[in-house]
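Read the structure below first, then the notes.
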Amino acid sequence: MIKQPEGFGFRRRRAQVGAAPGSFTPPTEVVEPVVRVMTWNVEELDEREIEVEDLGREHPVDGRLRWVDVQGLGDGTEISKLVDSHGLHPLAVADVVNIGQRPKAESYGEEWFLVLRMAGLEGDSLSFEQISLFLLDGMVISFQERPGDCLEPLRERIRRGGKRLRANGSEYLAVMILDAIVDGYFPVLEQFGEILEDLETTVVARPTAEVLERIYAIKRELLTFRRSVWPLRETLSQLIRDEALSDDVHPYLRDVADHVSQVSDIVETYREISASFVDVYLSSVSQRTNETMRVLTVIATIFIPLTFVAGVYGMNFDTSLPGNLPELALPYGYFIFWGVCALMGVGLVFLFRHLGWLGGGDES
Amino acid sequence: MIKQPEGFGFRRRRAQVGAAPGSFTPPTEVVEPVVRVMTWNVEELDEREIEVEDLGREHPVDGRLRWVDVQGLGDGTEISKLVDSHGLHPLAVADVVNIGQRPKAESYGEEWFLVLRMAGLEGDSLSFEQISLFLLDGMVISFQERPGDCLEPLRERIRRGGKRLRANGSEYLAVMILDAIVDGYFPVLEQFGEILEDLETTVVARPTAEVLERIYAIKRELLTFRRSVWPLRETLSQLIRDEALSDDVHPYLRDVADHVSQVSDIVETYREISASFVDVYLSSVSQRTNETMRVLTVIATIFIPLTFVAGVYGMNFDTSLPGNLPELALPYGYFIFWGVCALMGVGLVFLFRHLGWLGGGDES
Amino acid sequence: MIKQPEGFGFRRRRAQVGAAPGSFTPPTEVVEPVVRVMTWNVEELDEREIEVEDLGREHPVDGRLRWVDVQGLGDGTEISKLVDSHGLHPLAVADVVNIGQRPKAESYGEEWFLVLRMAGLEGDSLSFEQISLFLLDGMVISFQERPGDCLEPLRERIRRGGKRLRANGSEYLAVMILDAIVDGYFPVLEQFGEILEDLETTVVARPTAEVLERIYAIKRELLTFRRSVWPLRETLSQLIRDEALSDDVHPYLRDVADHVSQVSDIVETYREISASFVDVYLSSVSQRTNETMRVLTVIATIFIPLTFVAGVYGMNFDTSLPGNLPELALPYGYFIFWGVCALMGVGLVFLFRHLGWLGGGDES
Amino acid sequence: MIKQPEGFGFRRRRAQVGAAPGSFTPPTEVVEPVVRVMTWNVEELDEREIEVEDLGREHPVDGRLRWVDVQGLGDGTEISKLVDSHGLHPLAVADVVNIGQRPKAESYGEEWFLVLRMAGLEGDSLSFEQISLFLLDGMVISFQERPGDCLEPLRERIRRGGKRLRANGSEYLAVMILDAIVDGYFPVLEQFGEILEDLETTVVARPTAEVLERIYAIKRELLTFRRSVWPLRETLSQLIRDEALSDDVHPYLRDVADHVSQVSDIVETYREISASFVDVYLSSVSQRTNETMRVLTVIATIFIPLTFVAGVYGMNFDTSLPGNLPELALPYGYFIFWGVCALMGVGLVFLFRHLGWLGGGDES
Amino acid sequence: MIKQPEGFGFRRRRAQVGAAPGSFTPPTEVVEPVVRVMTWNVEELDEREIEVEDLGREHPVDGRLRWVDVQGLGDGTEISKLVDSHGLHPLAVADVVNIGQRPKAESYGEEWFLVLRMAGLEGDSLSFEQISLFLLDGMVISFQERPGDCLEPLRERIRRGGKRLRANGSEYLAVMILDAIVDGYFPVLEQFGEILEDLETTVVARPTAEVLERIYAIKRELLTFRRSVWPLRETLSQLIRDEALSDDVHPYLRDVADHVSQVSDIVETYREISASFVDVYLSSVSQRTNETMRVLTVIATIFIPLTFVAGVYGMNFDTSLPGNLPELALPYGYFIFWGVCALMGVGLVFLFRHLGWLGGGDES
């Protein structure tokens, strides 16, 4: 089965063709939203879980920073109500619900809207989850496809009262979320690295069709990975160029951009490595054909002449006439025959050894 | 048969070499135009079908928005009359009739002229239809090659009185048409995805020449798709950069541009996947050669030595002389012979099993 | 024989190494120039043929447009006299005579100098002819390598009194010449398309070495084509950016640029198609090897065991001793032998049919 | 084993996912730092080794230039104290400790922070060591992963009192360090060149699987090298564009940039060469298969017909009946038989020689 | 042996790692410098040879143009003295001596410094020689690695009193030198063209390993060529953009840039052609394997069944029992046997002819 390049167009919840932009199709699989609200300033932190229906009532509080985190998108209707209650742009809200967007950063007036993709592993195969961020003044709203994410350590830091996190505004928080998501790519890449190591030994030792399929599977996953990371570079340089963002945030954004470059580098390297595996695979198959052929040739080259000789002495020439098969009338002629056969065999074996044909796979 | 990259140069209706620019060749296949005119404001909608001869009389109406939709280009003469009646640029009108243009956006003074390509499927194979848009003040004129399009849902929304559609001007309408056309690419891509899935299982199981042809057919169709989508990116960023377009339209244009990026991503991914199928195909053929060879080698390696042995005991050495073929005079020598043959055969089978040669295609 | 990439460096008439720039080598093959002068305004047209010696006397006439068309370059000396008589730049004149230049547009003060390449077919193979244009105020001078071109329809339009052509200045005329040259690429590409179609059926059916050579020949011709078209894009955008050219000409230039893009698209598509043919060719050869191997394997696998069995019953064990070849003493043993052989053969044929090996080329 | 692309993501000491930016993970392998401080002006030089704990006390001295060189990063805690004592940016300090960064140049206000990668060879395989530079006013602080570097000749020049080094400021010193690091790439490349030369002879003579592995190993190392050098180009042009750097340093920076271009050129050339080795390898394997096949064919083609003939004369037709195997009753028929065999053999050998099949590997 | 990409890093005379920039290593092979000084104005020309020690005394003369041409670099010490006597930048002088630089143009204040590479052929293989130019006011100093160059025709033109050369300043002279060097690339490319033509016929007719090596050798030389030409494009556009150069020189610079583009085009075309030769080579090898296989298959398919039949009639069934080998007792049974064999053989030959297998290499 082709692993469909996940999230690019096919797991994408897409509005009907010709539907109004900003509209969305109810998802086939409804994940009930869990909404967690954290509100803090330097001194104190308030954390609670609310109903999704109350989402519209969570507004920024003066002198505090609020992070509303929605995990699970429900059927999208509750979320679309945010358009009115928080004045978000309907197109942005539609992008939240129609998952499978490319990473991007868009500014609607004061508000920034970010789409990102969190990498995860389901068993051995790569999965991505879309996370969308609205960056308002004094508040960050994040939407995830389903519960569970790589942001728990960040929440811990907020709870523990991390100085910078507590003192800085919503922009800093958003960059920290970005940072956590990008850092979450590394463990996934590490697992890819292990799979590649594993494949490398297999591809030479046992170049089966199944190995080729695994190589192409990882190539496709790296392609998906790349398409998730590549637009991120542009997204980040867009944010870095933006003059409305405070200068304090810039070094952190550059730091994230740096990590994205590292991720891209690793992905490209892995892509080249997996491409080289295809070559190795094809060459292994050729090698095996060559070896098979060599076995055949060795056997045939030794026995075909011998069979001919045996055939000769099976001929029915009239031995009573002169000159016909005099060997047959030799005492111990049979043993001489075997001697000649042995000599021919040994000679050919030496020849093949000289040609380096008898070392098996190790030699060639 | 090579599927000619449709619409690029060959199905293009082209003026004669050296003909005046703006002139056109009468098409070989005349599709009688069907003209539908929709006129509306927020309160009411008037929809009617007119004769193509009356096209010149449909002018913008104050306070209303008019969409003149021409499906079928006739022999081009009626359409070329629009140059005078609406003051359109003759080169743009020629582009309408000489189908097979690349997607593009051109501004002639106040008026924008857009060429787009709608994707469709005729059976299993991709087809494109050129749609040209004139974006005037208060009016949009669209030309299609033939009746039938992906804009029906959009017309439904106008009829149902979609608020934004009814209240906004011609620019918003044009962007909605763009949006519908780009959204129309997704179902086509989905079908490509299914064909690729289908091919994947086939290419390993039965790597016939016909499979290779299908792979190349889809590669060529993806190439055509790509050449239709690629210029669209530039077209859209040209529109986005244009300062004459109202700011309200910008988020919608960016949304369309986003979808175009997604389409490009999918097309590129599919291109890489189909390219990998060629590798898989070639490797399957090599594998099969290897397997064929192995069967031959196994059979030959087992029976050639045995045949030699049988030949030996068919020799006519004079057994009355000493030392000549004493085995022939053994009681049950024949059974001993079979025993030796069986031993050799079993030994070789064990050897081949050890080499992993007897597992067939699954093993290697 | 390698078809030398025509016109790039080798058919180029090149000045000696170290010669003064603007000098030229007398051509090896002298084509006597034929000079035709057309002079017109809206009302009337004067057309005549003059001697190349009188070239220097043809100056622009007030209120009229003059097109001096020189077909054939002679030994270059007459042409180089134009430097003085019309004040052309010597480097530009040298480019006219030293054919094999890349397409380019250069402005020397007021005057524009264009080098273009007309495509033609000599038999099945592509040929290019350099055409150079001097665009002066009120006059266009064109130089071609030899008589015969794709501009005749343009001249006809001038003669018939085409309104726009008659009323507009030298810039419009130059753009029309450009347009005619670019339109002349399409029939050549159409022929390439037919050759490719032809090749496609052949490459699968009869993958001979000669087919591979034809594929590479067309690949090289497409490469040459590409190198003639690619610089044209830049040339045109240079002209489009130039603010000295009148605005009226711009839409026509963009139209030509559009056609150049289409030509590039087709050329790239054809290049990809011909590249895929190489893959198909290689895979066909592999397939044929596989089929040959399969025939050998089928024959050998059927007959080698049978030969062994026949050999067994040719052994000379002493049948008077017990247990030695009792089958030989069976009545109808010979028919039993044939029965066993037939059974083995039929069994193997069934096995091979099951493996799909007996369908020949169609199966795999 | 896949040689993990060293330093890109995996030998990288990485902060925990979600950890605060600027934090770092204690390294698994602690290298005790050795700190050397050189302070000089035109007249005198003071060089001493200090404890890492005293690092914070080494501040710039008026009228002198100070180079603090830290070799080994310890557990990172001592180094992180520098944030406060010298006012360095915490993100930059984290980059020092979390090794495996890409080469980059970042300016934090007045201070420049550079990350570079020194190339070395451990046995035959490439290793990189990160060196980070803080470029302050009157002082350069450098951090290396472990003792030992390619900067000793530079230190010697300082000690010997090199005029330019002694008289210039910290920027010149930093550029000299850059220069020394880039020059250190050349010996490593030279060794790569030797390995490639070595491989070239081997790949044709003995195309074993182990050779293919070595080719891919060097391809991967060149890939790593490239990823270390590529960002350096941008880093340098960033420094060159920076207007805060004094003009005196510019020619030296351009000189270093020039060397980086040369390194890139060599790396790209080597990459192309090693890619061509893969082709040569595959073609060698094909050649060997062809040769093996030819041996088989020659032997089989000679002996199979002969065996048939021998079989014919072993038939038991009743020679007492007329026309049955009259040859058997010929005197010296046996010798005639051998003569015919010899003739056939010699004829085939001549045929094969004519086909160029008997020249072994040299011929084809 | 790998032909080391000449001049890139390995034949480069390189300063020691860590040496002061501007320093150089004494060359291993000392070529004694020959210094020729030409001084002229419109009326007269003075040409003489001087000792290298007197180099420092040759300063520009008012109202005249001087060209100091140094062929051979000696041990570099005499040349390095120029730093003081002419005020040249030490880094530039170091680039003169440390040969193997990339083509570049650098301006140090008033003075321009150019590094170029002259192409030549030593036997069949490409060689490059570095030529460095200092472009001062009223004087050009050129340095070459060794005597002999492609500038003799230029000197002849100066001697013959070429008007433009005599009247123009040092900039025009420098551009003429550039022009001569670039024109010198064409004969080298012509020779490459001939080698490629030669290879093309060989690669199909006799695809030996030695041919593959020659293909890769020329690929590497084209790579080297490309790396020498590519930076030249940038160098020239840098000079063209420079506003300090007089306008008169611009058309000539553009002319040189044009030639460089042509050279690049030819090199790229040749690279594609030589890459296609690798494909042709591999396909020829496959074809040959297929042919070898076919010979084997034809022989084996004809004789294996015949051998079986012969074996059958060699069986020792007791013919005195009924039904056992009755054919043996037929009069002329032997001739019937031969008839059957001949029929089978002829039938198979017809079958193989039908399959197109007997046409040898021409057929497939």
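Protein chains in written order, with our numbering: chain A, 860 to 1223; chain B, 860 to 1223; chain C, 860 to 1223; chain D, 860 to 1223; chain E, 860 to 1223.
All C-beta atoms in this analysis are idealised placements derived from N, C-alpha and C, irrespective of residue type, glycine included.
Keep in mind that this is a model prediction, so the values were computed, not measured.
State the start and end residues of the unbroken beta strand (DSSP E) segment that holds residue 898 of chain A.
Mapped onto the first sequence, residue 898 of chain A falls at position 39. Its beta strand (DSSP E) spans residues 893-899.
How many angstroms separate the CA atom of residue 1104 of chain D from the CA atom of residue 1029 of chain D?
One-based indexing of the fourth sequence puts residue 1104 of chain D at position 245. One-based indexing of the fourth sequence puts residue 1029 of chain D at position 170. About 10 angstroms.
With distances taken Cα to Cα, identify the nearest neighbour of residue 1026 of chain A among A:1203, A:906, A:1097, A:1107.
Residue 1026 of chain A sits at position 167 when you count from the first residue of the first sequence. Closest option to residue 1026 of chain A, Cα to Cα, is A:1107.
Taking Cβ positions, are residue 1078 of chain B and residue 1142 of chain B nearer each other than 8 angstroms?
Numbered from 1 along the second sequence, position 219 holds the residue referred to as residue 1078 of chain B. Numbered from 1 along the second sequence, position 283 holds the residue referred to as residue 1142 of chain B. Taking 8 angstroms as the Cβ cut-off, residue 1078 of chain B and residue 1142 of chain B do not qualify as a contacting pair.
Got a sec? Which residues, its chain only, sit under 8 angstroms from residue 1114 of chain D by beta carbon, not counting five neighbours each side?
What you label residue 1114 of chain D is simply residue 255 of the fourth sequence in a count that begins at 1. Excluding positions up to five away in sequence, the list reads 1038.
Apply the 10 Å Cβ neighbour rule to residue 1216 of chain A and answer buried if 16 or more other Cβ atoms are within range, or exposed otherwise.
On the first sequence, residue 1216 of chain A is found 357 positions in, with the first residue counted as 1. The residue is buried, with at least 16 neighbouring Cβ atoms inside 10 Å.
Under 8 angstroms, Cβ to Cβ, is there at least one residue of chain B near residue 969 of chain A?
Looking up residue 969 of chain A in the first sequence gives position 110. It does not: the Cβ of residue 969 of chain A has no partner Cβ on chain B nearer than 8 angstroms.
What is the DSSP secondary structure of residue 1019 of chain A, counted as helix, strand or coil?
Along the first sequence, read from residue 1 onward, the residue named residue 1019 of chain A stands at position 160. Residue 1019 of chain A: coil per DSSP, three-state reduction.
Would you kindly work out how many angstroms separate the C-alpha atoms of residue 1190 of chain E and residue 1199 of chain E, rounded to a whole number?
Locating residue 1190 of chain E in the fifth sequence gives position 331, where the first residue counts as 1. Locating residue 1199 of chain E in the fifth sequence gives position 340, where the first residue counts as 1. Looking at the two C-alpha atoms, the distance is approximately 15 angstroms.
Interface partners of residue 963 of chain E on chain D, CB under 8 angstroms:
Here residue 963 of chain E refers to the residue found at position 104 when the fifth sequence is read from its first residue. Result: 1117.
Compute every distance between the C-beta of residue 955 of chain E and the non-hydrogen atoms of the ligand NAP, then say whether any falls below 7 angstroms.
The ligand NAP is not among the ligands present in this structure, which contains no ligands whatsoever.
Of the choices C:1023, C:1158, C:941, C:907, whose alpha-carbon is the least far from that of residue 1111 of chain C?
Here residue 1111 of chain C refers to the residue found at position 252 when the third sequence is read from its first residue. Here the closest residue by C-alpha is C:1023.
Any Cβ of chain C within less than 8 angstroms of the Cβ of residue 865 of chain E?
The residue you call residue 865 of chain E lines up with position 6 of the fifth sequence. Residue placement at residue 865 of chain E cannot be trusted, given a pLDDT of 40 that sits under 50; the coordinates are not used to answer.
Please state if the CB of residue 951 of chain A and the CB of residue 969 of chain A are separated by a distance shorter than 8 angstroms.
In the first sequence, the residue the question calls residue 969 of chain A occupies position 110. In the first sequence, the residue the question calls residue 951 of chain A occupies position 92. In this structure, residue 951 of chain A does not lie closer than 8 angstroms to residue 969 of chain A by Cβ.
Output the residue ranges of the beta strand (DSSP E) runs that lie fully inside the segment 901-975 of chain B and measure 3 residues or longer, sorted by chain position.
904-909, 924-930, 963-967
Per-residue burial, residue 1050 of chain A [other beta carbons within 10 Å of its own, 16 or more giving buried]
The sequence position of residue 1050 of chain A within the first sequence is 191, counting from 1. When all chains shown are included, residue 1050 of chain A counts as exposed.
Under the rule that 16 or more other beta-carbon atoms within 10 Å means buried, what is residue 1013 of chain E, buried or exposed?
Numbered from 1 along the fifth sequence, position 154 holds the residue referred to as residue 1013 of chain E. The residue in question, residue 1013 of chain E, is buried, as its Cβ has 16 or more Cβ neighbours within 10 Å.
Show which residues of chain D have a CB atom less than 8 angstroms away from the CB atom of residue 1033 of chain E.
Within the fifth sequence, the letter at position 174 stands for residue 1033 of chain E. Near residue 1033 of chain E there are no residues of chain D at all, since even the closest Cβ is about 20 angstroms away, more than 8 angstroms.
Measure from the C-beta of residue 1160 of chain D to each C-beta in chain A and report whether the shortest distance is under 8 angstroms.
Within the fourth sequence, numbered from 1, the residue matching residue 1160 of chain D stands at position 301. With 8 angstroms as the cut-off, residue 1160 of chain D does not count as an interface residue toward chain A.
For the segment 1165-1178 of chain B, which residues have a CB atom closer than 8 angstroms to at least one CB atom of chain A, in sequence order?
1166, 1167, 1170, 1171, 1173, 1174, 1175, 1176, 1177
Opening and closing residue of the alpha helix (DSSP H) in which residue 1167 of chain D lies
In the fourth sequence, residue 1167 of chain D corresponds to position 308, counting from 1. Here the alpha helix (DSSP H) through residue 1167 of chain D covers 1109-1172.
Report the neighbours of residue 1145 of chain D on chain A: residues whose CB is nearer than 8 angstroms to its CB, in chain order.
Mapped onto the fourth sequence, residue 1145 of chain D falls at position 286. Going along chain A in sequence order, the residues near residue 1145 of chain D (Cβ under 8 angstroms) are 1145.
In its own chain, which residues sit with a C-beta less than 8 angstroms from the C-beta of residue 986 of chain A, not counting the 5 before and 5 after it?
Against the first sequence, residue 986 of chain A aligns to sequence position 127. Within the same chain, residue 986 of chain A has close Cβ partners 865, 978, 979, 980.
Flag this pair as touching only if the segment 1166-1178 of chain D and the segment 1113-1129 of chain D have three or more C-beta atom pairs under 8 angstroms; answer yes or no.
no
For residue 924 of chain C, tell me which candidate among C:938, C:1011, C:1017, C:932 has the shortest Cα-Cα distance.
Here residue 924 of chain C refers to the residue found at position 65 when the third sequence is read from its first residue. It is C:1017 whose Cα lies nearest to the Cα of residue 924 of chain C.
Residues of chain F with CB under 7 angstroms from residue 1137 of chain B, in chain order?
Protein chains A, B, C, D and E are contained in the structure displayed, whereas chain F is not.
Is the Cβ of residue 1025 of chain A closer than 8 angstroms to any Cβ of chain D?
Counting from one through the first sequence, the residue named residue 1025 of chain A turns up at place 166. Not an interface residue.
Looking at C-beta atoms only, is the number of pairs between the segment 944-962 of chain B and the segment 1050-1062 of chain B that lie closer than 8 angstroms three or more?
no
Cβ separation of residue 813 of chain E and residue 1005 of chain E, assumed to be a contact under 8 angstroms, to the nearest whole Å
The structure shown has nothing for residue 813 of chain E, since chain E only spans 860 to 1223.
Can you give me, in chain order, the residues of the segment 1118-1130 of chain B that have a beta carbon less than 7 angstroms from any beta carbon in chain A?
1120, 1121, 1124, 1125, 1128
Secondary structure at residue 1176 of chain E, three-state DSSP: helix, strand or coil?
On the fifth sequence, position 317 is the one that residue 1176 of chain E refers to. It is coil, neither helix nor strand.
Please list the terminal residues of the continuous alpha helix (DSSP H) segment that includes residue 984 of chain E.
Taking the first residue of the fifth sequence as 1, we reach residue 984 of chain E at position 125. No alpha helix (DSSP H) holds residue 984 of chain E; the beta strand (DSSP E) holding it covers 984-995.
On the criterion of 16 or more Cβ atoms from any shown chain inside 10 Å, does residue 878 of chain B qualify as buried, or is it exposed?
Taking the first residue of the second sequence as position 1, residue 878 of chain B is located at position 19. Answer is buried; the Cβ neighbour count reaches 16.
How about residue 1155 of chain A and residue 1119 of chain A: do their beta carbons lie closer than 8 angstroms?
On the first sequence, residue 1155 of chain A is found 296 positions in, with the first residue counted as 1. On the first sequence, residue 1119 of chain A is found 260 positions in, with the first residue counted as 1. No, these two residues do not count as a Cβ contact at 8 angstroms.
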